[in-house]
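Asks: Note that our numbering has the sequence shown beginning at 53, numbered continuously upward. Beta carbons are placed, not taken as given, at the ideal position from N, Cα and C, and that holds for glycine. Being a predicted model, the structure only gives us computed values, none of them experimental. Can you read through this structure? Questions will come right after.
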Amino acid sequence: MERWRIAIGGIVQGVGFRPFVYGLAVRLGLAGWVRNDRGGVTIEAQGQIATLERLCRDIENEHPPLASLSRFEVEKGRPLLSESGFAIVPSLDEARQPTAASIPPDASVCGDCLRELFDPADRRRRYPFINCTNCGPRYSISLSIPYDRAGTTMAGFALCPACRAEYEDPACRRFHAQPNACPECGPSLHYLDAEGRVEGNEAALQRALERLRQGGVVAVKGIGGYHLAADARCDAALKRLRLRKGRSDKAFALMVASRKVALGIAEISPAELRLLESAERPIVLLRQKANHGLSALVAPNNRWFGLMLPYSPLHHLLLERFEVLVMTSANPGDEPILYRDEEASALLGGLADGILGHDRPIHARVDDSILRLADGRPLVLRRGRGYAPRPLPLPFEGAEVLALGAELKNAVCLARGDRAYLGPHVGDLKAEGVSRSFRGMIEHLCGLFRLEPSAVACDLHPDYLSTRYAQDSGLPVIAVQHHHAHLAGCMAENGLTGECLGVIFDGTGLGEDGSLWGGEFLLGDYGGFRRLAHLKSLPLPGGDAAVREPFRMALSCLMDAFGEELPPCESLAQLPESELGLLVQMIRRRVNSPPASSMGRLFDSAASLIGLRHRVSYEGQAALELEMCIEPGAETSSWYDFALRQEADRLIIDAAPLIRALMADVLAGGAPCELSLKFHESVARMILSVCSRLREQSGRNRVLLSGGCFQNLRLLERSSRLLREAGFELFTHCLVPPNDGGLALGQAAVASWRLRPQP
Ligand code: ZN
Ligand code: ZN
Ligand code: FE
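Now the structure itself:
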């Protein structure tokens with residue numbers, strides 16, 4: 053007979069962990085107790101040694117689906133107590149202890165709850181807020197840790213006797229399910245439009261459905277914010293939606309009623325299906341089928357659909373009558389997704405024809421996550437609902453720091469000990485509302501995790517709002533070079549220490565020499581880096597304007613490759629003579645044309661030179677359409693060459709020969725899909741040859757691929773394959789976005805490492 057104390061950390065609160073332990077202990081006939089505390093869950097159990105061992109084994113092997121264990125410590129030989137039976141005891145709020153527990157991400161409604169939702173005999177039939185310990189909102193309704201009802205936005209709803217009985221019954225699926233509710237005691241729906249307000253779950257739902265059927269746009273309150281819903285088969289509805297949102301081309305996400313509907317409109321591999329049906333319920337990018345039957349306005353110039361399955365009970369009720377709905381975040385332009393009910397009424401008249409809302413407040417805004425399957429693994433492109441703020445393990449024990457990310461696709465990250473908490477997608481900080489939500493996010497996460505940072509990490513760029521916030525914080529500031537942060541983020545995600553070779557391709561980031569970087573081969577670790585190779589810097593005419601107008605960079609590339617005698621091409625022909633003349637002068641005299649070694653801009657230039665896109669309506673559009681014009685499965689054995697030149701300690705990668713050869717193909721009338729294919733192959737081959745040279749030079753065999761360009765599936769898969777075949781040990785992103793959405797993790801790793809406690 054012995055008494056053991058078992059301390060478990062990780063995601064163990066709000067996921068039905070205590071009732072699970074309780075059930076096990078009772079079944080095994082052990083005495084003792086289990087409780088939540090700020091470190092996670094603590095168990096004391098007393099019984100035969102073999103039985104205690106069995107308990108530990110079963111906890112590790114059979115824990116609830118939403119739980120994940122990061123720490124499992126057993127202290128044996130505690131003094132025996134004379135207690136009978138096993139109990140769940142109240143949470144201990146050890147406020148002064150740092151917290152190792154974490155708030156779980158929001159989870160989609162589980163199978164058991166779904167069965168009850170559509171069971172005519174169940175007391176929660178068609179109740180849009182059904183949930184249990186295995187499912188439902190978590191992060192989005194949490195105000196504080198530990199995760200208890202009083203610390204969620206459900207605090208205002210008093211449990212009815214039936215719900216309370218479930219909540220207090222350790223044998224029930226709803227034992228301590230904090231958002232537990234029913235039609236008697238819980239939140240309810242309402243619908244609002246120009247004709248007035250309708251209360252009541254069924255009445256509100258029916259009015260919303262009616263509006264959707266008439267081709268209307270209805271704002272629907274979801275888990276982390278409002279969506280704008282519209283019939284995906286109705287051109288008129290989507291035309292209105294695009295006009296109102298000011299979004300001319302960028303694809304809309306779709307919600308489909310079932311796996312069957314999904315399979316009807318997209319090609320879906322078994323691995324993609326698993327991703328689509330996972331409890332995180334992300335938006336998954338999937339190849340469109342030829343006869344999908346949806347409006348062409350869903351995803352113009354795109355071969356993919358962003359598909360998700362219903363994840364809240366309300367979605368299931370909506371999709372019962374609709375096979376496919378467009379579900380795009382409710383926000384004007386680049387503003388953050390709306391989540392407060394006060395703001396929502398402003399949607400009427402502007403964006404939406406009606407609002408389907410409810411009275412369970414959303415405390416923390418969180419966007420849908422976007423993933424795709426790349427190189428056989430999930431790749432997160434936008435990290436939000438279902439993933440944030442799940443902790444990421446760091447390969448070292450570091451200092452407590454806050455990292456603020458960059459400017460585009462901002463997300464912030466906290467690090468403490470050997471854990472990093474990458475917050476959900478915030479957005480592009482240039483938008484007014486986003487900068488407000490950025491400040492809110494920092495306060496929210498620091499409060500939630502009770503972080504007391506010893507330093508703030510930010511980008512090297514002095515003009516980013518995030519950088520200015522860091523400087524005003526009053527804390528020591530650690531500025532991390534943009535591409536170094538990409539490298540460190542990819543290392544951290546893969547649990548690496550020691551020097552690695554990073555291929556970092558993105559739009560632009562400020563370099564240490566004051567020029568713009570973005571086509572970089574860095575050798576480094578958390579402590580520092582050397583820039584071993586990069587694309588040759590070219591003038592970026594008009595700075596930011598060049599991002600919106602790819603023909604600008606195309607001209608810069610042409611002037612570099614051809615000198616005075618520019619070949620005729622569509623990029624230039626679409627410009628009025630006078631404007632072209634001005635632009636040429638601008639580049640020649642380097643007026644408002646900072647030098648940039650950006651790979652993202654090279655992709656833009658190629659898209660323009662091939663004649664695909666000269667002006668963009670959203671970030672990354674030209675590169676995306678360049679990728680999209682390639683036939684799926686197409687391969688090529690021809691490519692263009694870059695020139696490699698050693699200059700002092702650096703290898704310069706010159707795209708001029710590529711541009712000349714590409715233009716020869718364009719003038720010879722080559723098909724855009726062929727030229728794009730060849731261009732992608734060229735970049736992948738260049739990565740291989742540069743990495744091979746740097747391997748010889750440095751003796752390093754570990755290669756990381758990071759930066760926004762590696763969202764491009766063809767580039768990622770092709771270069772991965774070539775590098776692996778050449779014997780490189782390759783590391784890429786998976787649960788952290790390769791774009792700037794993952795940057796804060798790298799900044800946090802660098803700062804946390806620099807300030808780590810010395811042994
Ligand atoms: Zn459930
Ligand atoms: Zn109730
Ligand atoms: Fe970047």
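1. With a threshold of 8 Å, establish whether the CB of R263 neighbours any heavy atom of ligand 1.
2. In the DSSP assignment, what are the bridge partners of K273?
3. Near P505, what residues of its chain come up, given a Cβ to Cβ distance below 7 Å and the 5 sequence neighbours on each side ignored?
4. In chain order, what residues have a CB nearer than 5 Å to some heavy atom of ligand 1?
5. Looking at ligand 5, does it come within less than 8 Å of A210, judged from the CB to the closest heavy atom?
6. Rounded to whole angstroms, what is the Cα-Cα separation between L431 and R424?
7. How big is the Cα-Cα spacing for A625 and V478?
8. According to the Cβ coordinates, are V126 and R87 closer than 9 Å?
9. Using only the heavy atoms of ligand 3, determine whether one of them is closer than 8 Å to the beta carbon of N791.
10. Is it true that the stretch 362-376 meets the stretch 205-215, where meeting means three or more beta-carbon pairs spaced less than 8 Å apart?
11. Span of the beta strand (DSSP E) holding L337?
12. Check whether the Cβ of A207 lies closer than 8 Å to any heavy atom of ligand 2, and answer yes or no.
13. Could you check what DSSP says for N88 in three-state terms: helix, strand or coil?
14. May I ask you to report which of helix, strand or coil DSSP gives S660?
15. Could you check whether the stretch 383-400 touches the stretch 247-255, counting it as contact only if at least three pairs of C-beta atoms, one from each stretch, sit closer than 8 Å?
16. I'd like to know whether the C-beta atoms of V308 and L371 end up nearer to each other than 9 Å.
17. Can you find a heavy atom of ligand 2 that lies under 8 Å from the Cβ of C465?
18. Could you tell me whether any non-hydrogen atom of ligand 3 is closer than 8 Å to the CB of L829?
19. For the beta strand (DSSP E) that W569 lies in, which residues bound it at each end?
20. CA-CA distance, V802 and M543?
21. Going by DSSP, what residue range makes up the beta strand (DSSP E) through Q266?
22. Compute the Euclidean distance between the alpha carbons of R808 and Y578, then round it to the nearest angstrom.
23. Per DSSP, what are the beta-bridge partners of S194 in this structure?
24. With a CB to CB cut of under 6 Å and the five nearest residues on each side skipped, what residues in its chain are close to I530?
25. Where does L740 sit, in a helix, a strand or coil, going by DSSP?
26. Measure the alpha-carbon distance for A659 versus N764 and round it to whole angstroms.
27. Indicate the three-state DSSP secondary structure (helix, strand or coil) for F694 in the structure shown.
28. Who pairs with E699 in a beta bridge, going by DSSP?
29. With M379 as the anchor, note down where its beta strand (DSSP E) starts and where it stops.
30. So, helix, strand or coil for S815, using DSSP?
31. What residues in its chain sit with their C-beta under 7 Å from that of L166, if we drop five residues either side in the sequence?
32. Does the Cβ of D558 lie closer than 8 Å to at least one heavy atom of ligand 3?
33. Using three-state DSSP, classify Q258 as helix, strand or coil.
34. Report whether the distance from the Cβ of A458 to the nearest heavy atom of ligand 3 is below 8 Å.
35. For my contact list, H329 and Y439 are in at a C-beta cut-off of 8 Å; report their separation, rounded to the angstrom.
Replies: The answer reads as follows:
1. For this step, residue 263 is matched to residue 211 along the sequence shown. Not so, every heavy atom of ligand 1 lies at least 8 Å from the Cβ.
2. Numbered from 1 along the sequence shown, position 221 holds the residue referred to as residue 273. Residue pairing for K273: DSSP places it in a beta bridge opposite Y278.
3. In the sequence shown, counting from the first residue as 1, residue 505 sits at position 453. These residues qualify, in order along the chain: E452, V453, L454, L527.
4. C162, C165, C184, N186, C187
5. Among the ligands modelled here, namely ligand 1, ligand 2 and ligand 3, ligand 5 does not occur.
6. As a working note, residue 431 is residue 379 in the sequence shown. As a working note, residue 424 is residue 372 in the sequence shown. A straight line joining the alpha-carbon of L431 with that of R424 spans about 5 Å.
7. Translated into the one-based positions of the sequence shown, residue 625 becomes position 573. Translated into the one-based positions of the sequence shown, residue 478 becomes position 426. Cα to Cα, A625 sits roughly 39 Å from V478.
8. By 1-based counting over the sequence shown, the position of residue 126 is 74. By 1-based counting over the sequence shown, the position of residue 87 is 35. No, the pair does not count as a contact, with Cβ atoms beyond the cut-off.
9. Walking along the sequence shown from the start, residue 791 turns up at place 739. Flag set: Cβ of N791 near ligand 3.
10. no
11. For the purposes of this step, residue 337 is taken as residue 285 along the sequence shown, with counting starting at 1. It spans 335-340 - the beta strand (DSSP E) in which L337 sits, taken as one unbroken run.
12. On the sequence shown, residue 207 is found 155 positions in, with the first residue counted as 1. Result no, Cβ not under 8 Å from ligand 2.
13. Counting from one through the sequence shown, the residue named residue 88 turns up at place 36. In the structure shown, N88 sits in a strand (DSSP, three-state: E or B).
14. Counting from one through the sequence shown, the residue named residue 660 turns up at place 608. DSSP, read as helix, strand or coil, puts S660 in helix.
15. Touching, no.
16. One-based indexing of the sequence shown puts residue 308 at position 256. One-based indexing of the sequence shown puts residue 371 at position 319. Against a cut-off of 9 Å, the Cβ pair of L371 and V308 comes out as a contact.
17. Taking the sequence shown and counting its residues from 1, the one referred to as residue 465 is at position 413. No, the beta carbon of C465 sits no closer than 8 Å to any heavy atom of ligand 2.
18. Missing from the structure shown is residue 829; the chain here goes from 53 to 811 and no further.
19. Taking the first residue of the sequence shown as position 1, residue 569 is located at position 517. Per DSSP, W569 belongs to the beta strand (DSSP E) from 568-576.
20. Against the sequence shown, residue 802 aligns to sequence position 750. Against the sequence shown, residue 543 aligns to sequence position 491. About 10 Å.
21. Stepping through the sequence shown from its first residue, residue 266 is reached at position 214. From DSSP, Q266 is part of no beta strand (DSSP E); its letter is neither H nor E.
22. Residue numbering aside, residue 808 sits at position 756 when the sequence shown is read from its first letter. Residue numbering aside, residue 578 sits at position 526 when the sequence shown is read from its first letter. Straight through space, the alpha carbons of Y578 and R808 are spaced by roughly 11 Å.
23. As a working mapping, residue 194 is identified with position 142 in the sequence shown. T204, per the DSSP bridge assignment.
24. Your numbering for residue 530 matches position 478 in the sequence shown. Hits under 6 Å: A507, A509, A803.
25. The count along the sequence shown starts at 1 and reaches residue 740 at position 688. Three-state DSSP puts L740 in a helix.
26. Within the sequence shown, numbered from 1, the residue matching residue 659 stands at position 607. Within the sequence shown, numbered from 1, the residue matching residue 764 stands at position 712. Approximately 14 Å, taken between the alpha carbons.
27. For the purposes of this step, residue 694 is identified with residue 642 of the sequence shown, where counting begins at 1. Coil.
28. Locating residue 699 in the sequence shown gives position 647, where the first residue counts as 1. Paired residues: R702.
29. Translated into positions along the sequence shown, residue 379 becomes position 327. Following the DSSP letters along the chain, one finds M379 inside the beta strand (DSSP E) bounded by residues 376-381.
30. The requested residue 815 is not part of the displayed model; the chain covers only 53 to 811.
31. Along the sequence shown, read from residue 1 onward, the residue named residue 166 stands at position 114. Contacts found: H368.
32. Your numbering for residue 558 matches position 506 in the sequence shown. Yes, since a heavy atom of ligand 3 falls inside the 8 Å radius drawn around the Cβ of D558.
33. Along the sequence shown, read from residue 1 onward, the residue named residue 258 stands at position 206. In the structure shown, Q258 sits in a helix (DSSP, three-state: H, G or I).
34. The residue you call residue 458 lines up with position 406 of the sequence shown. Yes; taking the cut-off as 8 Å, the Cβ of A458 has a heavy atom of ligand 3 nearer than that.
35. Here residue 329 refers to the residue found at position 277 when the sequence shown is read from its first residue. Here residue 439 refers to the residue found at position 387 when the sequence shown is read from its first residue. For the sequence presented, residue 329 should be read as Glu rather than His. Going by Cβ atoms, the distance from E329 to Y439 rounds to 16 Å, so no, they are not a contact pair.
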